[in-house]
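K.L.:
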Amino acid sequence: GQPLFKLETQSMSQEAAAAKANVNAAQVEVDKLKPLVAKNIISQVQLETAKAKLQQAKSSYNSIAANIGYGTIVSPVDGYVGTIRMRTGALVSPTNQNPLTVVSNTSKVYAFFSMNEKEYLNFIQNAKGTTKEEKIANFPAVSLVLANGKEYDQKGIIETINSQINPNTGTITFRALFDNSNGLLNNGNSGTIKVPSVFENAIVVPQEATFEQQDKTFLYTVSEDNTVSAQPITIKASVDNLYVLESGVPKGAIIVSKGVGKLRNGSAITPQKIDFAGTTQLIKTEFQ
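Here this note's numbering is used: the first residue of the sequence shown is 62, the next is one more, and so on.
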């Protein structure tokens with residue numbers, strides 16, 4: 062890693078020089094005793110004692126040298142350096158609770174967002190897969206709208222979902238991973254996560270085309286003789302001003318989209334066909 066800080070090691074360098082001298086002296090002593098032992102002038106014990114002192118001197122020197130090496134503090138990861146709280150000459154020690162600085166690796170960033178319980182259940186039930194892990198793997202890519210209103214040019218992947226619903230907010234937290242090789246995103250950025258709702262071959266109707274009676278939801282279909290018939294429907298999901306239907310209306314059926322409050326079952330009307338786009342807006346679901 063790149064060097065970030067240099068600690069003062071002058072006093073330790075002096076200690077290292079003294080320790081190195083002790084190593085040299087101990088080595089000389091061992092070299093002097095070896096031939097004496099070979100000639101049986103002194104005992105083997107004296108030589109082993111000298112070797113032990115040499116090993117002790119080397120250990121002391123290596124410890125001091127290692128501490129000197131720690132005097133240069135390098136970054137453990139690639140990233141961006143945060144605020145440097147210390148100034149030249151400041152006293153630091155291993156007992157300091159505050160870090161010298163924080164290096165952030167922002168090549169990839171996490172975005173945290175929440176859904177309420179209803180949105181979460183709809184989302185998880187519509188995802189492909191049988192287990193939660195399979196559903197997460199099959200989640201669609203999400204988009205990030207930045208604080209300036211512009212959409213980030215990289216898609217994110219939902220990686221994890223919190224296992225508990227927050228009892229205070231009634232929401233559950235998601236975590237999405239975004240590539241940030243361009244360095245645009247920083248820790249603490251805010252924005253809006255857009256999660257696409259995917260319903261394959263789904264039948265959707267405008268909410269204003271429906272009405273409720275006795276806890277059931279209905280809409281009017283138009284028959285060939287231009288009379289209307291109330292049909293009960295089962296709603297699978299709500300997306301903006303649309304209902305995604307699970308059952309109740311066959312594909313291609315003609316429905317009454319406006320003015321349903323003025324009609325009764327069997328009423329005759331003069332229908333005016335309009336495009337579906339004229340009754341609703343672009344389907345879009347956003348969570349923040």
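All C-beta atoms, glycine included, are put in the ideal place defined by N, C-alpha and C.
(1) Quick check: the Cα distance between residue 250 and residue 82, rounded to an integer number of angstroms?
(2) Taking DSSP's pairing of strands, which residues face residue 256 in a bridge?
(3) Identify, in the order they occur along the chain, each residue of the same chain with its Cβ nearer than 6 Å to the Cβ of residue 314, setting aside the five sequence neighbours on each side.
(4) If residue 228 sits next to residue 135, beta carbons under 8 Å apart, how far is it from one beta carbon to the other, in whole angstroms?
(5) Just how far apart, CA to CA, sit residue 80 and residue 68?
(6) Helix, strand or coil: how does DSSP classify residue 200 here?
(7) What does a CB cutoff of less than 8 Å around residue 287 pick up in its chain, not counting 5 residues either side in sequence?
(8) Helix, strand or coil for residue 96? Go by DSSP, reduced to three states.
(9) DSSP on residue 114, reduced to helix/strand/coil?
(10) DSSP on residue 322, reduced to helix/strand/coil?
(11) Alpha carbon to alpha carbon, what distance is there between residue 279 and residue 273?
(12) Indicate, with yes or no, if the ligand COA has a heavy atom lying under 7 Å from the CB of residue 67.
(13) Identify which residue in 267, 108 and 231 has its Cα closest to the Cα of residue 320.
(14) The alpha helix (DSSP H) that contains residue 181, what's its start and end?
(15) With distances taken between CB atoms, is the gap from residue 217 to residue 206 smaller than 8 Å?
(16) Of the residues 197, 209 and 211, which one's Cα is nearest the Cα of residue 224?
(17) List the whole-angstrom C-beta distance separating residue 183 from residue 263, where the pair is believed to meet the contact cut-off of C-beta under 8 Å.
(18) Can you grab the Cα-Cα spacing for the pair residue 304 / residue 316, in whole Å?
(19) From the DSSP output, in three-state form, read off residue 274 for me.
(20) Kindly list the residues whose CB is nearer than 7 Å to the CB of residue 181, restricted to its own chain and excluding five residues on each side of it in sequence; keep chain order.
(21) Residue 243 and residue 167: beta carbons closer than 8 Å?
(22) Let me check understanding here. Comparing Cα to Cα, which of 100, 89, 125 and 95 lies closest to residue 75?
(23) Have a look at residue 294 and residue 179 and give me their C-alpha separation to the nearest angstrom.
(24) Nearest by alpha-carbon distance to residue 148: which of 306, 66 and 335 is it?
(25) Would residue 77 pass as a contact of residue 129 if the rule is Cβ separation under 8 Å?
P.N.:
Quick answer:
(1) Indexing the sequence shown from 1 puts residue 250 at position 189. Indexing the sequence shown from 1 puts residue 82 at position 21. Computed Cα separation, rounded: 56 Å.
(2) Taking the sequence shown and counting its residues from 1, one reaches residue 256 at position 195. Per DSSP, none; premise fails for residue 256.
(3) Start at 1 with the first residue of the sequence shown, and residue 314 comes out as number 253. Cβ neighbours of residue 314 beyond the five flanking positions: 282.
(4) Sequence index remark: in the sequence shown, residue 228 carries index 167 (1-based). Sequence index remark: in the sequence shown, residue 135 carries index 74 (1-based). Actually they do not touch by this definition, with Cβ atoms about 44 Å apart.
(5) One-based indexing of the sequence shown puts residue 80 at position 19. One-based indexing of the sequence shown puts residue 68 at position 7. Between residue 80 and residue 68, the C-alpha separation is close to 20 Å.
(6) Numbered from 1 along the sequence shown, position 139 holds the residue referred to as residue 200. If DSSP states are grouped into helix, strand and coil, residue 200 belongs with coil.
(7) Sequence index remark: in the sequence shown, residue 287 carries index 226 (1-based). Once the five neighbours on either side are set aside, the close Cβ partners of residue 287 are 329, 330, 331 and 332.
(8) As a working note, residue 96 is residue 35 in the sequence shown. Here residue 96 sits in helix by DSSP.
(9) As a first step, residue 114 must be located in the sequence shown, where it is residue number 53. Helix, per DSSP.
(10) Within the sequence shown, the letter at position 261 stands for residue 322. Correct three-state label for residue 322: helix.
(11) As a working note, residue 273 is residue 212 in the sequence shown. As a working note, residue 279 is residue 218 in the sequence shown. Approximately 6 Å between the Cα atoms of the pair.
(12) Here there are no bound small molecules, and the ligand COA is not part of this structure.
(13) Translated into the one-based positions of the sequence shown, residue 320 becomes position 259. The residue with the shortest Cα to Cα distance from residue 320 is 267.
(14) Taking the first residue of the sequence shown as 1, we reach residue 181 at position 120. Note, residue 181: alpha helix (DSSP H), 178–187.
(15) Position 156 of the sequence shown, counting from 1, holds the residue named residue 217. Position 145 of the sequence shown, counting from 1, holds the residue named residue 206. No, they are not a contact pair.
(16) Mapped onto the sequence shown, residue 224 falls at position 163. Of the listed residues, the one whose Cα sits closest to residue 224 is 197.
(17) For the purposes of this step, residue 183 is identified with residue 122 of the sequence shown, where counting begins at 1. For the purposes of this step, residue 263 is identified with residue 202 of the sequence shown, where counting begins at 1. Their Cβ separation, rounded to whole angstroms, is 13 Å, which puts residue 183 and residue 263 out of contact at 8 Å.
(18) By one-based count along the sequence shown, residue 304 stands at place 243. By one-based count along the sequence shown, residue 316 stands at place 255. Taking the straight line from one Cα to the other gives about 13 Å.
(19) Numbered from 1 along the sequence shown, position 213 holds the residue referred to as residue 274. Residue 274: strand per DSSP, three-state reduction.
(20) Your numbering for residue 181 matches position 120 in the sequence shown. Closer than 7 Å at the Cβ level, and outside the excluded window around residue 181, lie 233.
(21) Here residue 243 corresponds to residue number 182 of the sequence shown, with the count starting at 1. Here residue 167 corresponds to residue number 106 of the sequence shown, with the count starting at 1. The answer is no: Cβ separation not under 8 Å.
(22) To locate residue 75, count along the sequence shown from 1; it is residue 14. Closest option to residue 75, Cα to Cα, is 125.
(23) The residue given as residue 294 occupies position 233 in the sequence shown. The residue given as residue 179 occupies position 118 in the sequence shown. Approximately 19 Å between the Cα atoms of the pair.
(24) One-based indexing of the sequence shown puts residue 148 at position 87. Nearest of 306, 66 and 335 to residue 148, Cα basis: 66.
(25) Here the question's residue 77 lines up with position 16 in the sequence shown. Here the question's residue 129 lines up with position 68 in the sequence shown. Cβ distance < 8 Å, so residue 77 and residue 129 count as in contact.
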